[in-house]
Each structure stands twice: as C-alpha cells, then as structure tokens.
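Novice: Count the sequence shown with mature numbering (1 follows the signal peptide of the UniProt record, and there is no 0) and you get residues -21 to -1, 1 to 1195, in order.
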Amino acid sequence: MDSNLLFFLLLLLGTLVQSYGNQLFRSGCPNRCHCVPDIEANRLLISCKWSEIPATGFADFPANITKSLSIECSDSEAPSPLPGGVFRLFSSLAEVRLKNCRLEGGLSPNSLKGLSMLKSLHLDSARGIRLVEGAFAHVPKLEQLSIVESQLDAIPEAALCDLRNLQILNFSHNLLDSANLGIASKCNLDVLLSADLSGNRIGDVGEQDLGSFPSLRQLHLGQNAISRLDNHAFARSTQLSHLDLNDNRLAVVGRIPEAISNLNLANNQLSLISATVANLAGLTRLNLSGNSIDLTTPFSLASAQLESLDLSSNRFLSIPFGVFERSTSSLRVLNVASNRITTLQPRAFRNFTRLEKLDISANQLKSIADETFAGLDRLEELNVAGNEISHVDIGVFNEIGRNLVRFDVANNSLQEVPVAIGKLTKAKHLNFADNHISKAYKFVLSKLPHLRSVDLSNNRLQRVDSFVFSDCQHLESLVLRHNRIDQVNADAFSKCPRLKHLDVSENFIAKFNGSLVELSELKVLNASTNAVEILEWREFPEGLRYLILDHNLVALIGSAEMSKIKNVELQFNRIMSLAADQLPRNLEFLNASRNNIAVLADHAFRFSSHLRSLDLRHNNLKTLKESTFTVEHEQTPQMELFVASNPLECNCDLDWIKKPKSKARQLVKVADQEATLCGHQLNNVQMSFASLDRKQLLCSYTQMCEPDCICCQYGNCDCKSTCPDGCECFHDATYQTNIVKCAALNGTSARSFIPRDLPMSASHVYLENLELPVIKAGDFFGRSRLLHLHINSSQVERIEPKAFSSLPSLQLLDLSKNKISSLNGSELVKTSKITHLFLNDNNIDSFEKSLAEAVPNLQVISLNGNQLQDLPESLVNMISPNGRIVSVSLGQNPFRCDCSQRFAMQRWLPENLERVVDSERVFCVENVTKSFRENDTTTLSAFPPNVGIDIFTMPMLQFIVEGNRTFCAPQASGIFGKNPTENSLLLTTLIVTAMLMFLAMIALLVALFRKTHVAFSQRRYKKATPSLNCSSTTPGCSPTPLIHYDAFVAYSRKDEKMVLEKICKRLEEQDQLILCLLHRDAPTVYSSRVHSISDELIRQMDHSQSLILVLTRHFLDNEWCSLQIKTSLQLFSKSKNKRLITVVCRDVDANQLDPELGQILRKNDHIMINDSVQLGSDIFWNRLMSALPTREATCGSDCSQIYSEMYGSIVPSDIV
C-alpha cells in the first residue's frame, strides 16, 4: 500500500477519534456548565455558573478527566458548603476556582481531600470563608493559593505549613491584621516567591512577620494601615526586589533590603526621603507621590540606574534636580505633577538625554520659554496641562520637535494655537482642550505629517476656516466640542482622507455646507446640541456609520436612499413623522425618542430589514399599526422596540402585539412592555402592555357587522351592531367584546334613548347620568352575551320584576348612585351567574329574603351609602363566615346601636371584619330628635348631637369596644349595689327626693296659674297629652290639667316689642283673650345649644286652645333651632280640635322654609304680611279673628263637679 495513502487514512482516523471524543465530552457536560477540551489529550476544562454549589456535590461530573474546575455562584447569599470528600473523585484535578460562593463552614481538613494533584486554588469573594488547621493537608503540591475579597480575618497557626511547594500567595482585600500569616517561627515556605497582602488591616510589620519567607521576590503591602516597619522586618528577605507600601501611614521608612529595585511609597505621610531609601543603589523605579516632601529633604538618591521617578503631589516649589542628580543619564520617566512649580529654567533638562516622558501638569507655570526643554532629544510625551500657561515661545520645540509624539497643554490660558507646534514634525496627539483659544493659524497643523488627533474642545472658536485642518493627511480624530462655531467652510476638512471621528457637538452649526462629503473614511460624526433644522443625508459621506444629531432643531428629514449609516441618534429634536424613504436601508439602531412624532407611515420600516433597535419613547404616538412594521425582506435579528411614555390608546391597532401568530410580532419585540402604558378607550385608565389582554384593545364603531354574519344587509340583525345616538361603542379585534357607553346624553339623544336600542351583541354596557326612573321588564331582552351592566347616577327609583331575567350571562350588575329603596329578588330572576352586585349610594333600607336565592354565586356586594339601620337577616346569612360573599361594603349607612344588642349589625361586624372593606366607615347613627319624638330611644339618645342639630354619630367599632367598658358595662346585682343595707338607704333617699320634687312642681304650677290672671271659672277639664319623658303610669308626673289659655303666642325674643304692640295688646285689652306668651310667661330660657326636652312648654301649649306663630327671620335663626320649641310646635300642629295660625312677616320667604315649617303652613291657617295685608291693618285683624276659635261659655255643673273633686269645698279666690 502506498505510504502516502496509509498516512492519510491514519490522519483521518485520528480526526474521527478526536471528533468523537469531543462529542463525548460535550454530551457528558453537567447542567449549566461549559466543557472545553484541554490541549492535553482526554482532559477537560469545566466552568459552571450556578446559584450555589449543590448539596449533591459533583456526582454527575466526569471527575477522572477534569483538569480545571471553575464555579461562579450567582446568589452570593445562598450557602455553598464544601463537605469533607466533596472532591474525592477528582484525582487528577490541577486547578479549582470558586467565585462569589458563600462557603458556609469554611475549609475543613477534609474539604480538599482527594486533590493530591491540585496546583492552583483560587477563592474569589468567598464570603464566610474560614480556615482551620490542616485545611491544606491534602494538597501538598499546591503552587498557587489565592483567597481575595472574602472577609478572611485570621489564619490558624501553622495552617500554611503543609504547603511546602507554594510559590504564589494572594490574600489581598480581606480583614487580616497581621503579616505573619500564622507561620512565624513555625515553618518556612522556602519556595514562596510572591505574596500579596494588600487591602487588609495590617498596622505594623514586626521583626518575625516575614521571617518564614526567605525566597520572597515580590511583596505587596499597599492599602493597609501600616504606620511602622521594624528595622529587622526584612532581615531574611534578602532577595526581595519589588516592595509595595503605597497607601499606608508611614512617616518614617526603616531598613529596607538592598536588593530592592522597585519601591512604591506613594500616599503615605513622608516629609523627606529617608536615608534607607536614598541609599538603595540598585533602585530602578521609585514612587514617592502623594506625600509631603519638599526641597528641604536632605538626601539625594544614590542610584545611578533609576529609570522611573514619581514625585507628584508633593510640595516642591521647583523641580528638585538635586534629589536625582545621579540619575540624569538613566531616567526615562519623570513625574512632578501637582506640585507648586512656578518656573522652568532654560536648559535645565540638558543632561536628561534618555528622558522619554515628562509630566509637569497641575503646577503654576505661566509660560514656556525658548530652550526650556533643550537636551531632551528622546522626549516623546510632554504634559503641561492644568497650569496657567498663556504664552509659548515660538522656539520652544526647536530641539525636541523631531521626537515628541504627544503634547498636552489642556486646561491652561492660551488665547491661540501656539505657532511653535509647527516644529513637532513627529507629533501624533495634540491636546488644547479647556483653554481660551479663539484663533487657529492656517497651514500650521498641515506641517505635521504624522498628526493623528487634535482636541480643541471647550475653547472659543467661532468658525472652522479653510486651511486650518486641511491637508492633514493622517488626521483621524478631531474634537471641536463646546466652542462657538456657527459656520463651517466648504473646504474646512479637505484633504483629510483618514479622518474617522469628528466631534462638533455643543456649537451653533445649522449647515455643513458640503464640508463632510469628501471624508470617505469618516465613521463617527457627533453634531449633537447644534442648530440643524433639516436632516439632509446627502451632506454626509457614504462611509459614515454613526451619526449623533440629538438636541438639535431637526423637524424635516430628507431622502435617505443612498445613505449607509447604521446608527443614528435623533433624540430631543422636533420630528413629527417618519416614512420609509427617510430611513437608511442599512440602519441598525435608531433613537428618535423625545421628539414630536405622532405619525408612523404605513410600511415606514419596510426597507429597514437590518434594524435591531428602535427607540420611540417620549413622543406623541397614539397607535402602532401592524402595517408600519412589515418589511419587504425577512430581517435576520428581531427588532427591539421602545415606545414607553407615549399617549398610546388601547385600540385594535395594537392587537398584533398580543396576537400569538402575528407576523409583525415575530419581527418586532416591545422591549419595555412593563413601562409602556396605553389609555383604555372607555375610561382612559392607563394600562401596562405587560398586563394587557387582547379583549382590552378596543376600536370605536358607529355600525359594525361581525365576521361571518349572514344578515348584515337586513335591517334587523343580531350580529350587526348600531351604536345609539350620542353613545360611544367599541369592539375588540376578535369581536368577542362589544362595549356600549351612554353617558350624560342631552338634547335629541337623551329624548330618543331607550335601553332597547342597545346592540344585541353587547357584552359590556355603561349607562351613566341618564333619566331612567323605571327599569322595565323588556328593556334588556335578548342580550344573552351581556356580561357587565352598569346603570349609574340615572335616577332609577323602581325596577320591574324580571327586568334582568333575559341576561343569563350577566356577571356584574352595577346600580350604584340611584334612588332605589328596595329589592325583593324578583328583579334578578334567571341571573344566577352574578358574582358582583353594586348597590351603593341608593335609598335601600331593607331586603327581601328571596334576594339571596336569586344570586346564589354572589361574591362581592356594595351597600355603602344607603339607609340601612340594621343588617337584614338575608344578608347576615350570605356574609357569614360560612357564606359565599367574600367582600362587602357597608359604610355611610345610618346603623343604630344599643347596649341591649337588639341590632344584628353590632354583633355581626366584629366576627366579619375581614370581609368588610370599609369597616372604618361603619358608624352608629342616632337621630336624637326623632328618637324622642317617636319614643324609640337607645343608649346613644342621651348624647348631644355632634353632626348638625339632630344627629349623633360614632364609629361602630369604637362603640363596641368602649361601650363594653363604660356606658354599656353590666351593673352589679341589686338595684344600686351588692349591699342590701346600702340599697335600702338609697331607695329611701330616692323616694323622699321624688316627693319633694313633686311638691315643688305643684307649687310652680300654682304660681304660673296666678301669674296669668286666669279665672278658674273659665277653665274646663281636658285630658293632657302624655309626656315625652314619662308614661301615664309613671310616678312623679303632673296631674291631668284643668285650666287653659285662649291662645299661645310663639315669637322671637328679638321681636317681642313688635309682637306686644301690634298683636297682643289688642287681643288682651279689647278682645279680652287670655294669652300665654313664649318669652313672657314661659318659665325657661330656650336656646339652640340646649338639646334636652322638658314637659313645661308642651304642657303650656296643650293648655291653649289655639297657637299664634309669628314667623320672622329672627325666629328662624334662633328659636326654631331649639329642639324644645321645634318639637313642641310640631306636636301642637298634630293635635285635633286645635287652631294654629301662622303670621308670615315680610322678611321670610315661604318658598325657602324647611320641610317641617312648610308642612305646618300647608295644613294650617296662615296670614302673609305684604303691601296689601299689613301688620295691624283691618284686613289683618279680620283674618286673624276669623281664624281664632270662638270662646266657650263658663263651665256649668259638670265643671263645678270637677272643681269639687279636685279642691273640695274650698274655692280659689281667682275663680270667685
């Protein structure tokens, strides 16, 4: 066989075997892990990302072939313990990396058991890590140990002594407070080369701390709190060459190994360069920045090999050449920035022949003179930024111009671009930012053939003239940000073929005048915050990829047919619409947020098949049509669309976003659905796209025919919906939702509207602010698809039986804010699916038991704002703990409460608080006046009104809690107490007190009778009206009255003089009538602030045959507000065989009286005082005397018999 053929077959076989092995590795890779074959045959590198290390460990891992295992935990709080023997199967594992895993319990002696071949262990952010003695006993070959940012605060004694082969140790950024690592004088780590203890809490380095590391080459102790170094701390570290002590608290530096070549003492508290540092003859790098060293430091550096010296942020008034005079020929980098240097002497650097980088920034230089940098033949970077330089001599760069690559003179006081830079023939980067430059000379920059970037930002340039930047053949970046440029010449950038990045932002540019067209290599143009009004794509070169035009005045966009721009930022402009021809065909990212875009043309993105991200947030879009996002060619990536903060309407045009098989949905993904809101068509409630349902996306219609409807051409058709006049109608894209809203109709629409005009296919009906006093039985006939019916604020007073019986699908019925007084259940026949019933804000005071049977599935009912005085029994059963109702509102009802708990509501409420959504608004309400008038008092009747003049209220829960402790607390046994003797004494006292009160009352009555000068001969027997405060059988009540008055005169105290002169004087003197006047003869002063009711006034009126009420404005404002007077007058008006005459004075409008006074006027005689009937005129007296009853004759024998029975044989003198 040919040897070449044999070789080819063997190679093919090897490739197949390797391919099979790789496939085997991939198929056996654990879940959420990535397995990569190592260059070593049959070895795997496995990296996993889990929330935490699983408790099952690594049972499913290919342990025998794993070389490296890396695990990152996404949940840093979840415990990830490493139990003993967890790695026992990984016999050949060489590297373990654990990141962000909370190693609960730390590393035990057996945690690493089985890893005998382990060479590298890295624990990064392993919170809770804790080391115990013997933790590394099973990894004797470990060469690298890293435990960083893990809050490690201590290392057990001799814990590291098992690591005899350790070469690299990293315990940085922990909580260690000592540098001895627990092994001082216990053992030696003879091969340890590098130790990193930076970022801990070490306060000092003692004599023995580093004695166990004889071979140490690098030691990092930066970012600690070290304030002291023992003079013998580095006695055994004779080979140490790199020492970092930066960011500590050192004021003095002790003895340092002589082999040190790299020393970092930055950011300490040094005031001078100590002798131990100055005597380091082999020093090549020294960092003393951030200290307090000045020119008084006594020692100069002995090293003649120093290459890098950092003396920045100290207190030097001039460059301290004497400190490093032995290194002038070796120094490559010198940094004296942030000092107090004011001048540079000419030729001061003449001996620094190898200096490549000089930093004198942030000092106090005023100018740069000729020959300042003479001798710096190899200088490549010069930084003098942050000084006060206002002038640069023209010959400054004569000697260094041939090598200087970077010149930074930013943040100074230059007025113009220095002409001296024309000598920098090798310069690549020039920085003139943050100066006062208003002028740039022509043909200066063009002399720099290697120039790559120029920064002139934050200056005062007013225009970009010709020949300033022209002919810069290698210029790649030009920054002119934040100047005052308002004009760009057409040839401003001519012959700049390599310009890739141009920044002219924050200027006043309105047009580019064709200056950019020839920039064939331009990739990024930043023209934000300018004055561009029209976006003309042809002004930009074809190769432009990134255009930034935000914060301009762009209102119009031209044709983009030839543009190849991929990224465009147009936010904060005035764009009102977007069309297909305005967008580049290669566009990948477009940010047009914060504009005025209200219209997206149909197929606006049909050519944008590469568009990946479209940001239209903060515009005026009301809809997003599916046709807008269709493309001619299938795009590879799915476009992310951002449309939050637009006044979007939840209409049918958005249905494609929720439609599962929508083609546009496959092309476009709304990335900010949680933040994107649209207003519901019905009530403009803002709804998130994320929670939006297809049925909530509605389109308005006047007439609509459902798909597959076969009768649309006919007048009467169930599947054809016509919206009633004046109403709003909506349907969703699937035609399953049909919403009709008729609210506050007026004119012809209101007169012609009847519920029968509603579409037959309506699913949701809202009738608001209409005039529907009666809901008739056939109003909603045939609406079998109706789910929600709202009839609100429509003056509904009565609902006919079976009014809703033709609504078998009804689930929600809202009858709130009407005038319904009762429901008996007949209205809701065949509506068993109702789960929500809203009856709040009506006049309902009771329910029939049949209501509960009509709505067996009711879950929510609202009854707040009605007239319920107690919870009906039918509702008690429905809302009980075992009932089906889960939510009820009962607030703002006049519920009554009493200590006897005769009202079910106060017993029921505490047991069902979790169901009552407004329990804090459930009040006990007591009409004090009404309860006394109807003799139906409760415990709360004794409280003075706190709402108006009649009502007392308190929260029911408060009544239940406080009443049981105070006024409703149960009394002790007996009458007054438990002691019988005490009961007897108190009862005797009560009887005596009652008798004394009885005698005092009789004496008061006799005095009243005498005062009125009434002759007892004119009295007759008359049975008294029962008292409001006692029954006919109550002891202590007055006896049955005998005498009476001809008339009782009620008036205002402020009108007493007028009443006496105009009315009472004639009645008493001429007509000989016996009068009882309210404020003259009544024994009590009545006030609107007194809410008690006494029998005296009622008895006086009852003794009178008639009552004259003088109604004035003063009477209405004062006496009528008194509960005593109002109640007494109302009782008198109801008495039979009595006359009540009201004299209505001029200052009273009879049409404005309250209902109680109006009823008195309507049912009794009244005299209106006006121009034709004046008070005291003959017409007035004729009407008054005709209204008064005729006086009766003196009593006969019957009356005498009564007197005899009452007074015996003694006849009062008044009668005689």
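Glycine included, each C-beta is placed from N, C-alpha and C at the ideal position.
1) Taking the alpha-carbon positions, what's the residue 594 to residue 620 distance?
2) Where do the ends of the alpha helix (DSSP H) carrying residue 1160 lie?
3) Among the residues of its own chain, which have a CB less than 6 Å from the CB of residue 795, if the five just before and after it don't count?
4) Is the beta carbon of residue 380 closer than 8 Å to that of residue 345?
5) Which of helix, strand or coil does DSSP assign to residue 665?
6) Do residue 675 and residue 629 have their CB atoms nearer than 8 Å?
7) Inspect the CB distances between the region 109 to 116 and the region 125 to 135 and report whether three or more fall short of 8 Å.
8) Return yes when the Cβ of residue 600 is within less than 8 Å of the Cβ of residue 631, no when it is not.
9) In the DSSP output, what is residue 1024 paired with across the bridge?
10) Suppose contacts are defined by Cβ-Cβ distances below 8 Å. Is residue 406 in contact with residue 386 by that definition?
11) On the DSSP bridge list, what partners appear for residue 593?
12) For residue 526, which residues does DSSP report across the bridge?
13) Give the list of continuous beta strand (DSSP E) stretches no shorter than 3 residues that lie fully inside the region 185 to 222.
14) Between residue 1169 and residue 1050, what straight-line distance do the alpha-carbon atoms span, to the nearest angstrom?
15) I think residue 375 touches residue 351, with their Cβ atoms under 8 Å apart; what is that distance to the nearest whole Å?
16) Determine the DSSP secondary structure at residue 633, reduced to helix, strand or coil.
17) Could you compute how far the alpha carbon of residue 286 sits from the alpha carbon of residue 46?
18) For my contact list, residue 391 and residue 367 are in at a C-beta cut-off of 8 Å; report their separation, rounded to the angstrom.
19) Thinking C-beta only, is residue 416 closer than 8 Å to residue 441?
20) Please go through the same chain and pick out, in chain order, the residues whose beta-carbon is closer than 6 Å to the beta-carbon of residue 264, but skip the five residues on each side of it.
21) Is the beta carbon of residue 512 sitting closer than 8 Å to the one on residue 529?
22) Taking the C-alpha atoms as reference points, what is the distance between residue 38 and residue 161?
23) Which of the three DSSP states, helix, strand or coil, is assigned to residue 144?
24) Can you list, in chain order, the residues of its chain whose CB lies under 8 Å from that of residue 96, leaving out five sequence neighbours each side?
25) Roughly how many whole angstroms lie between the Cα atoms of residue 744 and residue 776?
26) Using a C-beta cutoff of 8 Å, does residue 441 count as contacting chain B?
27) When you compare only the Cα positions, how much space is there between residue 458 and residue 78?
28) Looking only at C-alpha atoms, which of 936, 722, 1113 and 284 sits nearest to residue 1278?
29) Given residue 589, which residues of its chain have a CB within under 7 Å of its CB, disregarding the five upstream and five downstream residues?
30) For a test of the three-state rule: what should DSSP assign to residue 532, helix, strand or coil?
31) Compute the beta-carbon to beta-carbon distance between residue 1247 and residue 757, rounded to the nearest angstrom, for a pair I have assumed lies under 8 Å.
32) Residues in the same chain with beta-carbon distance under 6 Å from residue 592, minus the five sequence neighbours each way, listed in chain order, please.
33) Is it the case that the Cβ atoms of residue 246 and residue 223 are separated by a distance below 8 Å?
34) Can you tell me whether residue 908 is helix, strand or coil according to DSSP?
35) Just how far apart, CA to CA, sit residue 1021 and residue 983?
36) Measuring alpha carbon to alpha carbon, tell me which residue in 257, 912, 448 and 266 is nearest residue 304.
Specialist: In this structure, then:
1) 6 Å
2) 1157 to 1166
3) 771, 817, 819 and 820
4) no
5) strand
6) yes
7) yes
8) no
9) 1083
10) yes
11) 569 and 620
12) 504 and 547
13) 197 to 199
14) 11 Å
15) 6 Å
16) helix
17) 42 Å
18) 7 Å
19) no
20) 241 and 287
21) no
22) 35 Å
23) coil
24) 70, 71, 72, 73 and 120
25) 19 Å
26) Protein chain content of the structure displayed is limited to a single chain, and chain B is not contained in it.
27) 42 Å
28) The requested residue 1278 does not occur in the structure, where the chain is confined to residues -21 to 1195.
29) 565, 566, 567 and 614
30) coil
31) There is no way to answer for residue 1247, as the model of the chain reaches only from -21 to 1195.
32) 568 and 619
33) no
34) helix
35) For residue 1021, the predicted structure reports a pLDDT of 48, less than 50, and the residue's modelled location is therefore unreliable. The matter cannot be settled from this model.
36) 257
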